[in-house]
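First comes the structure, then the notes that go with it.
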Amino acid sequence: VYEGTTGIQALDLFFRKIARDQGATLGAVSNEILEFVKSGGDDDLLAEERVMLGGMLENTQGHVGVMVNHLLSSMNDDPEQIYKVGLHANPLLETLAEVVIAWQLLRQAEVALPLVETDPFYRGKVETARYLVRDVAPKTAARRAAAEAEDGALMELPVEAF
994 VYEGTTGIQA
1004 LDLFFRKIAR
1014 DQGATLGAVS
1024 NEILEFVKSG
1034 GDDDLLAEER
1044 VMLGGMLENT
1054 QGHVGVMVNH
1064 LLSSMNDDPE
1074 QIYKVGLHAN
1084 PLLETLAEVV
1094 IAWQLLRQAE
1104 VALPLVETDP
1114 FYRGKVETAR
1124 YLVRDVAPKT
1134 AARRAAAEAE
1144 DGALMELPVE
1154 AF
């Protein structure tokens, strides 16, 4: 089966976890991440990474919004819009995972910063968080852009094309 476990989990995440509670849980987590993004002071050594995390969160919300619009369209006037949700469920799963991981690593880095000079282990915590955020931030933007550009053409192919 092409969808496999990841695809099934991605569809479950969107339909049963996000859509079913109308985004309430996702909204609560997003608010916690946003609080963290805004929590840095004037001398914040993680300021750049907080801004990037904020952008990642914005891209995630945009990606979810596109998928919700497709879901609503499929329920109202165009049932085939549901395919667009399925085509971008896996990328959404990846994005959500990366945003939460980046957030948690940055929280650890915030705690580790005062100890960087005393133990290389803590420097590793900080640099790992910085690397991850810089590595995944562009990917969340690309996945959002792909979801926004989805035209559903793949789903219009006749069965014989396969």
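In my numbering, the protein residues as written are 994 to 1155. Just so it is clear, CB atoms sit at the ideal spot from N, CA and C, and this is done for glycine as well. Fair warning: this is a prediction, and the values are worked out from it, not measured in the lab.
Cβ pair count under 8 Å reaching 3, the segment 1108-1115 against the segment 1123-1142: The segment 1108-1115 is not in contact with the segment 1123-1142.
Check the C-beta distance from L1099 over to A1003 and give it rounded, since I have them as a contact under 8 Å. L1099 to A1003, Cβ: 25 Å. No contact.
What do you reckon, are the CB atoms on V1059 and I1011 nearer than 8 Å? no
Confirm, please, whether the CB-CB distance from A1095 to M1049 is below 8 Å. yes
Check whether the segment 1114-1128 and the segment 1034-1045 touch, using three or more Cβ-Cβ pairs below 8 Å as the test. yes
Work out the CA separation of G1145 and A1139 for me, nearest whole Å. The alpha-carbon atoms of A1139 and G1145 are separated by roughly 11 Å.
Which same chain residues end up closer than 7 Å to E1143 when comparing Cβ atoms and leaving out the 5 residues on each side of it in sequence? K1077, L1080 and H1081
Have a look at E1087 and R1127 and give me their C-alpha separation to the nearest angstrom. 16 Å
Kindly give me the distance between the Cβ atoms of L1089 and T1053, rounded to whole angstroms, as I take these residues to be in contact under 8 Å. 6 Å
Between the beta-carbon of V1030 and the beta-carbon of L1019, is there less than 8 Å? no
Please report how far the alpha carbon of L1106 lies from the alpha carbon of E1149, in whole angstroms. 53 Å
Name the two residues that bound the continuous alpha helix (DSSP H) containing G1048. A1040 to N1069
Please name the residue in L1147, E1051 and D1036 whose C-alpha comes closest to that of V1092. E1051
Looking at the unbroken alpha helix (DSSP H) that takes in K1031, where does it start and where does it end? A1017 to K1031
Rounded separation between A1102 and V1119 - CA only: 4 Å
Determine the closest residue to Q1015 out of D1070, L1027 and L1065, with distance taken between C-alpha atoms. L1065
Counting only runs of 4+ residues fully inside the segment 1082-1142, write out the alpha helix (DSSP H) ranges in chain order. The qualifying runs are 1082-1105 and 1113-1142.
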